[in-house]
Amino acid sequence: MTKEIRRTYLLGAERAVHLLATEEVARRWEKESALPGMTVGALAGHLARSVLQVEWFLDAETVGTEPVSPVRYYARLVGTSSPDSELNVGVRARSEETEAAGPAAVAEQAHAAWRRLARRLGREPADRRVAVLHRPGEEMLLDDYLRTRCVEWAVHLDDLALSVGAHGRTPEPVLAVAVDVLVAAARDRHGDQAVLHALARRERDVHQALRVL
18 MTKEIRRTYL LGAERAVHLL ATEEVARRWE KESALPGMTV GALAGHLARS
68 VLQVEWFLDA ETVGTEPVSP VRYYARLVGT SSPDSELNVG VRARSEETEA
118 AGPAAVAEQA HAAWRRLARR LGREPADRRV AVLHRPGEEM LLDDYLRTRC
168 VEWAVHLDDL ALSVGAHGRT PEPVLAVAVD VLVAAARDRH GDQAVLHALA
218 RRERDVHQAL RVL
(Lines of atoms letter the chains of each structure in order from A and count residues from 1; the text may use other names and numbers.)
(Lines give C-alpha, C1' and ligand atoms only; values in the text may rest on other atoms or scores of the structure.)
Protein backbone atom coordinates (compact mmCIF):
# COMPACT_ATOMS: atom_id res chain seq x y z
CA MET A 1 0.00 0.00 0.00
CA THR A 2 2.87 2.37 0.84
CA LYS A 3 4.49 1.84 -2.56
CA GLU A 4 1.15 2.25 -4.34
CA ILE A 5 0.21 5.60 -2.80
CA ARG A 6 3.72 6.94 -3.32
CA ARG A 7 3.67 5.91 -7.00
CA THR A 8 0.24 7.51 -7.38
CA TYR A 9 1.38 10.73 -5.73
CA LEU A 10 4.44 10.94 -7.98
CA LEU A 11 2.27 10.29 -11.03
CA GLY A 12 0.11 13.29 -10.13
CA ALA A 13 3.21 15.36 -9.39
CA GLU A 14 4.65 14.50 -12.79
CA ARG A 15 1.48 15.72 -14.50
CA ALA A 16 1.54 18.89 -12.39
CA VAL A 17 5.16 19.85 -13.10
CA HIS A 18 4.63 19.34 -16.82
CA LEU A 19 1.54 21.59 -16.80
CA LEU A 20 3.34 24.24 -14.73
CA ALA A 21 6.09 24.41 -17.35
CA THR A 22 3.79 25.06 -20.31
CA GLU A 23 3.74 28.29 -22.28
CA GLU A 24 -0.01 28.57 -21.68
CA VAL A 25 0.53 28.92 -17.93
CA ALA A 26 3.39 31.41 -18.29
CA ARG A 27 1.49 33.52 -20.82
CA ARG A 28 -1.59 33.83 -18.61
CA TRP A 29 0.26 34.10 -15.28
CA GLU A 30 -1.29 37.42 -14.27
CA LYS A 31 -4.75 36.72 -15.72
CA GLU A 32 -7.78 35.62 -13.70
CA SER A 33 -8.01 31.86 -13.26
CA ALA A 34 -11.11 29.68 -13.21
CA LEU A 35 -11.22 30.28 -9.44
CA PRO A 36 -12.61 33.72 -8.55
CA GLY A 37 -10.09 35.86 -6.72
CA MET A 38 -7.05 33.87 -7.87
CA THR A 39 -4.81 34.60 -10.79
CA VAL A 40 -3.39 31.79 -12.90
CA GLY A 41 -0.08 32.42 -11.16
CA ALA A 42 -1.61 32.04 -7.70
CA LEU A 43 -3.37 28.85 -8.76
CA ALA A 44 -0.11 27.55 -10.22
CA GLY A 45 1.65 28.47 -6.99
CA HIS A 46 -0.97 26.55 -5.01
CA LEU A 47 -0.52 23.51 -7.25
CA ALA A 48 3.27 23.72 -7.01
CA ARG A 49 3.12 23.72 -3.23
CA SER A 50 1.78 20.16 -3.28
CA VAL A 51 5.24 19.18 -4.49
CA LEU A 52 7.27 21.69 -2.53
CA GLN A 53 5.49 21.18 0.79
CA VAL A 54 6.17 17.46 0.86
CA GLU A 55 9.90 18.22 1.03
CA TRP A 56 9.41 21.01 3.54
CA PHE A 57 7.28 18.84 5.79
CA LEU A 58 9.70 15.90 5.57
CA ASP A 59 12.55 18.17 6.64
CA ALA A 60 10.64 19.66 9.61
CA GLU A 61 10.94 18.28 13.12
CA THR A 62 8.11 16.12 14.48
CA VAL A 63 7.21 15.83 18.16
CA GLY A 64 5.04 12.70 18.22
CA THR A 65 1.52 14.10 18.47
CA GLU A 66 -1.41 11.91 17.43
CA PRO A 67 -1.42 11.93 13.62
CA VAL A 68 -4.40 13.38 11.78
CA SER A 69 -6.05 11.19 9.14
CA PRO A 70 -6.62 12.46 5.59
CA VAL A 71 -10.37 12.18 6.17
CA ARG A 72 -10.26 14.46 9.22
CA TYR A 73 -7.84 16.77 7.41
CA TYR A 74 -10.70 17.66 5.05
CA ALA A 75 -13.82 16.86 7.07
CA ARG A 76 -13.11 19.50 9.70
CA LEU A 77 -12.48 22.35 7.24
CA VAL A 78 -14.80 25.32 7.68
CA GLY A 79 -15.36 28.24 5.32
CA THR A 80 -14.53 26.33 2.15
CA SER A 81 -17.22 28.13 0.14
CA SER A 82 -16.56 31.62 1.50
CA PRO A 83 -13.81 33.58 -0.29
CA ASP A 84 -13.18 35.68 2.82
CA SER A 85 -12.95 32.82 5.30
CA GLU A 86 -9.77 32.38 7.33
CA LEU A 87 -9.15 29.16 5.45
CA ASN A 88 -9.32 30.67 1.97
CA VAL A 89 -7.46 33.84 2.92
CA GLY A 90 -4.62 31.65 4.18
CA VAL A 91 -4.64 29.51 1.04
CA ARG A 92 -4.46 32.59 -1.19
CA ALA A 93 -1.67 34.15 0.88
CA ARG A 94 0.50 31.03 0.67
CA SER A 95 -0.27 30.64 -3.03
CA GLU A 96 0.64 34.25 -3.79
CA GLU A 97 3.86 33.88 -1.83
CA THR A 98 4.89 31.08 -4.17
CA GLU A 99 3.51 32.87 -7.25
CA ALA A 100 5.81 35.85 -6.62
CA ALA A 101 8.84 33.91 -7.87
CA GLY A 102 7.37 33.97 -11.40
CA PRO A 103 6.38 31.22 -13.84
CA ALA A 104 9.85 30.00 -14.80
CA ALA A 105 11.10 29.78 -11.22
CA VAL A 106 7.95 28.09 -9.90
CA ALA A 107 8.05 25.51 -12.68
CA GLU A 108 11.76 24.87 -12.13
CA GLN A 109 11.41 24.57 -8.34
CA ALA A 110 8.49 22.16 -8.62
CA HIS A 111 10.25 20.03 -11.22
CA ALA A 112 13.42 19.80 -9.13
CA ALA A 113 11.45 18.87 -6.01
CA TRP A 114 9.54 16.18 -7.91
CA ARG A 115 12.79 14.62 -9.13
CA ARG A 116 14.23 14.61 -5.60
CA LEU A 117 11.03 13.13 -4.15
CA ALA A 118 11.03 10.38 -6.79
CA ARG A 119 14.26 9.16 -5.18
CA ARG A 120 13.52 10.06 -1.57
CA LEU A 121 10.04 8.63 -1.07
CA GLY A 122 11.22 5.11 -1.77
CA ARG A 123 13.64 5.36 1.16
CA GLU A 124 11.15 6.63 3.75
CA PRO A 125 9.68 4.01 6.14
CA ALA A 126 5.98 3.17 6.17
CA ASP A 127 5.52 4.77 9.60
CA ARG A 128 7.24 8.04 8.62
CA ARG A 129 5.51 11.13 9.99
CA VAL A 130 5.61 14.70 8.71
CA ALA A 131 4.94 18.01 10.41
CA VAL A 132 2.08 20.00 8.86
CA LEU A 133 3.81 23.38 9.04
CA HIS A 134 0.81 25.61 8.33
CA ARG A 135 -0.99 23.92 11.25
CA PRO A 136 1.58 24.22 14.06
CA GLY A 137 1.86 21.14 16.24
CA GLU A 138 -0.03 18.93 13.80
CA GLU A 139 1.41 15.80 12.23
CA MET A 140 0.36 13.21 9.68
CA LEU A 141 1.72 9.91 8.48
CA LEU A 142 3.60 10.58 5.26
CA ASP A 143 1.41 8.27 3.17
CA ASP A 144 -1.73 9.91 4.56
CA TYR A 145 -0.37 13.36 3.71
CA LEU A 146 0.33 12.14 0.18
CA ARG A 147 -3.34 11.13 -0.07
CA THR A 148 -4.31 14.74 0.65
CA ARG A 149 -1.94 15.86 -2.10
CA CYS A 150 -3.69 13.49 -4.50
CA VAL A 151 -6.90 15.35 -3.67
CA GLU A 152 -5.13 18.61 -4.52
CA TRP A 153 -3.82 17.17 -7.80
CA ALA A 154 -7.28 15.93 -8.78
CA VAL A 155 -8.98 19.24 -8.03
CA HIS A 156 -6.40 21.79 -9.11
CA LEU A 157 -4.88 20.12 -12.17
CA ASP A 158 -8.37 20.41 -13.61
CA ASP A 159 -8.70 24.03 -12.42
CA LEU A 160 -5.38 25.10 -13.93
CA ALA A 161 -5.89 23.28 -17.22
CA LEU A 162 -9.31 24.91 -17.59
CA SER A 163 -7.85 28.32 -16.72
CA VAL A 164 -5.31 28.24 -19.54
CA GLY A 165 -7.12 26.13 -22.13
CA ALA A 166 -4.71 23.21 -21.81
CA HIS A 167 -5.58 19.61 -22.55
CA GLY A 168 -4.92 16.53 -20.49
CA ARG A 169 -6.63 14.49 -17.82
CA THR A 170 -5.70 13.84 -14.22
CA PRO A 171 -4.36 10.27 -13.96
CA GLU A 172 -7.07 7.79 -13.01
CA PRO A 173 -5.23 6.43 -9.93
CA VAL A 174 -5.00 9.99 -8.58
CA LEU A 175 -8.72 10.55 -9.17
CA ALA A 176 -9.55 7.30 -7.39
CA VAL A 177 -7.60 8.30 -4.27
CA ALA A 178 -9.18 11.76 -4.28
CA VAL A 179 -12.73 10.44 -4.56
CA ASP A 180 -12.14 7.91 -1.78
CA VAL A 181 -10.81 10.59 0.58
CA LEU A 182 -13.46 13.20 -0.21
CA VAL A 183 -16.41 10.80 0.02
CA ALA A 184 -15.08 9.54 3.35
CA ALA A 185 -14.71 13.15 4.52
CA ALA A 186 -18.32 13.86 3.47
CA ARG A 187 -19.50 10.85 5.48
CA ASP A 188 -17.51 12.04 8.49
CA ARG A 189 -18.88 15.57 8.24
CA HIS A 190 -22.55 14.89 7.44
CA GLY A 191 -23.24 11.22 8.18
CA ASP A 192 -24.23 8.40 5.86
CA GLN A 193 -27.91 9.34 5.53
CA ALA A 194 -27.05 12.78 4.17
CA VAL A 195 -24.47 11.33 1.80
CA LEU A 196 -26.98 8.75 0.59
CA HIS A 197 -29.43 11.54 -0.22
CA ALA A 198 -26.70 13.40 -2.11
CA LEU A 199 -25.95 10.27 -4.13
CA ALA A 200 -29.47 8.96 -4.74
CA ARG A 201 -32.07 11.57 -3.71
CA ARG A 202 -30.73 14.96 -4.67
CA GLU A 203 -34.08 16.64 -3.95
CA ARG A 204 -33.44 15.78 -0.27
CA ASP A 205 -29.78 16.85 -0.28
CA VAL A 206 -30.40 19.89 1.91
CA HIS A 207 -26.78 20.01 3.16
CA GLN A 208 -24.99 19.56 -0.18
CA ALA A 209 -23.39 16.64 1.63
CA LEU A 210 -20.91 15.73 -1.09
CA ARG A 211 -19.48 19.24 -1.23
CA VAL A 212 -16.32 19.00 0.88
CA LEU A 213 -14.17 21.73 -0.73
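Residue numbers (this note's numbering): 18 to 230.
From the three backbone atoms N, C-alpha and C, an ideal C-beta is built for every residue, glycine too.
None of the values given here were measured: they were computed from a predicted structure.
**Item:** Cβ distance (whole Å) where R146 is taken to contact T187 below 8 Å
**Value:** At roughly 27 Å, the Cβ-Cβ gap does not stay under 8 Å, so R146 and T187 are not in contact.
**Request:** Could you check if P153 is buried or exposed, using at least 16 other CB atoms within 10 Å of its CB as the buried criterion?
**Result:** exposed
**Supposed contact pair L163 and R23 - C-beta distance, whole angstroms, cut 8 Å** = 6 Å
**Request:** For V88, I'd like the list of residues in its chain whose CB is within less than 7 Å of its CB, leaving aside the five on either flank, ordered along the chain.
**Result:** V198, A201, A202, D205
**Asked** Do you know offhand how far V42's Cα is from L94's?
**Response** 29 Å
**Asked** With respect to the alpha helix (DSSP H) encompassing V147, which residues constitute its N-terminal and C-terminal limits?
**Response** Here V147 belongs to no alpha helix (DSSP H); instead the beta strand (DSSP E) covers 146 to 148.
**Asked** Whose C-beta lies closer than 8 Å to the C-beta of V212 among residues of the same chain, with five residues either side of it excluded?
**Response** V200, A203, R204, A226, L227
**Asked** L158 bridges to which residues according to DSSP?
**Response** R146
**Asked** Under the rule that 16 or more other beta-carbon atoms within 10 Å means buried, what is R109, buried or exposed?
**Response** buried
**Prompt:** With distances taken between CB atoms, is the gap from V85 to M18 smaller than 7 Å?
**Reply:** no
**Message:** At 4 residues or longer, what runs of the alpha helix (DSSP H) sit wholly inside the region 76 to 117?
**Reply:** 87 to 92, 103 to 116
**Request:** Go to A183, then tell me how far its alpha helix (DSSP H) extends in each direction, as first and last residue.
**Result:** Premise fails: A183 is in no alpha helix (DSSP H) and is neither H nor E.
**Residue span of the alpha helix (DSSP H) that contains D222, given as start and end** = No alpha helix (DSSP H) contains D222, which DSSP labels as neither H nor E.
**Asked** Does DSSP classify T39 as helix, strand or coil?
**Response** coil
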